[in-house]
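Residue numbers (UniProt numbering): 1 to 159.
Note that CB positions come from ideal geometry on N, CA and C, so glycine has one too.
Below is one structure; the comments refer to it alone.
Have a look at this one:
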């Protein structure tokens, strides 16, 4: 009967899925099908939705998208680092060499520290996103308020 070593199966599936986004990026860039992720071109997550926008109307959003993109890049960098550390821990564990097993203690501590960084980065990202949405809603309601100043009850005008 053939058995599969669970750590090697997990490792190989982790390798495949972790590199999919990088391979897709390089293929799209090489084939010319890559769409820059910007505030006006799609939703910023590579869905390929092409949305035309007026620079004057959406210009303020570019800074917001840059802030969010920077946060996602920081998170991805830490996650990529953790992936490498986990692979090293797996290799050390499989070697069963006492010195390597001792090194795993420090590696696992570093992984835990990186998880804390990711939590902090996601918390900051959430705060930034919430602030952007509130600012956007504030601008929208100001614009609606100016256009509908005759409405004394503060209700939205029906289109």
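Nearest neighbour of residue 124, chosen from 97, 105, 72 and 143 [CA to CA]: Position 124 of the chain shown, counted from the start, is the residue given in the question as residue 124. Ranked by Cα distance from residue 124, the options 97, 105, 72 and 143 are led by 72.
Beta-carbon separation (whole angstroms), residue 114 vs residue 103, contact threshold 8 angstroms: Your numbering for residue 114 matches position 114 in the chain shown. Your numbering for residue 103 matches position 103 in the chain shown. Not really, about 16 angstroms apart at Cβ, beyond 8 angstroms.
Helix, strand or coil at residue 117 [DSSP, three-state]: Reading the chain shown from its first residue, position 117 is the one you call residue 117. Three-state DSSP puts residue 117 in a helix.
Status (buried if at least 16 other CB within 10 Å, exposed otherwise) for residue 170: The chain is shown only over 1 to 159; residue 170 falls outside these bounds and no answer can be derived.
Minimum C-alpha distance to residue 79 - residue among 126, 119 and 68: Sequence index remark: in the chain shown, residue 79 carries index 79 (1-based). Answer by Cα proximity: 119.
Straight-line gap, residue 108 to residue 94 (C-alpha atoms, nearest Å): Taking the first residue of the chain shown as 1, we reach residue 108 at position 108. Taking the first residue of the chain shown as 1, we reach residue 94 at position 94. Each residue's alpha carbon lies about 15 angstroms from the other.
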